[in-house]
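First comes the structure, then the notes that go with it.
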Amino acid sequence: MPPQYSIAVSGSFSAAHCLPGHPGPCAAMHGHNFEVTAKLCATQLVDGMVADFADVRAAMDEAFTGLDHACLNDHPELSPPTAEVIAAWLFGRLQARLGSDRVRVAKVTVVESKGLSASYRDD
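Under the numbering used here, think of the first position of the sequence shown as 25, with each following residue one higher.
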């Protein structure tokens with residue numbers, strides 16, 4: 025595999041969710057300040073960059089539209105609304121917007137609470 029460059033861009037959104045049927049406290053409605061980090065990779069740089077940080081941030085902000093200050097249980101594509109499902113959904117949205125023959129989204133990590141995270145990656 026050729027050497028790769030990578031960048032990481034982080035953003036956040038606040039949302040509520042519950043996990044019906046879960047045996048613990050997550051069955052009740054509760055909220056998080058979700059922290060999201062997207063890692064992008066490329067084997068070649070254009071203008072010295074994998075991607076413009078501003079473009080990645082804009083794509084993340086667009087992906088967060090409809091999630092921020094919302095109930096994730098009301099989002100039909102996030103069922104169940106776990107950190108793992110959110111990470112996979114955001115990965116797909118970001119890859120569709122930012123992916124190309126040169127650049128790929130390598131991993132999206134969603135932090136629910138300090139020390140608790142889930143990632144979705146393309147190996």
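Just so it is clear, CB atoms sit at the ideal spot from N, CA and C, and this is done for glycine as well.
Alpha-carbon to alpha-carbon, residue j and residue i
i	j	result
L91	N57	11 Å
A130	R145	6 Å
E59	P26	31 Å
A66	A75	9 Å
G48	H54	12 Å
Closest Cα partner of residue i within the set the options
i	options	result
L140	S124, R128, A111, P26	A111
Residues that DSSP places opposite residue i in a beta bridge
i	result
H41	H54
Start-to-end residues for the alpha helix (DSSP H) that takes in residue i
i	result
R81	77-88
A134	Per the sequence shown, residue 134 should be read as Val rather than Ala. Careful: V134 lies outside any alpha helix (DSSP H), inside the beta strand (DSSP E) at 127-137.
Q28	Per DSSP, Q28 belongs to no alpha helix (DSSP H) and is neither H nor E.
Integer-rounded CB distance, given that residue j should sit under 8 Å from residue i
i	j	result
A51	L96	In fact, because the Cβ distance is near 14 Å, the residues do not count as touching under 8 Å.
Bounding residues of the beta strand (DSSP E) (the contiguous stretch that carries residue i)
i	result
L140	140-145
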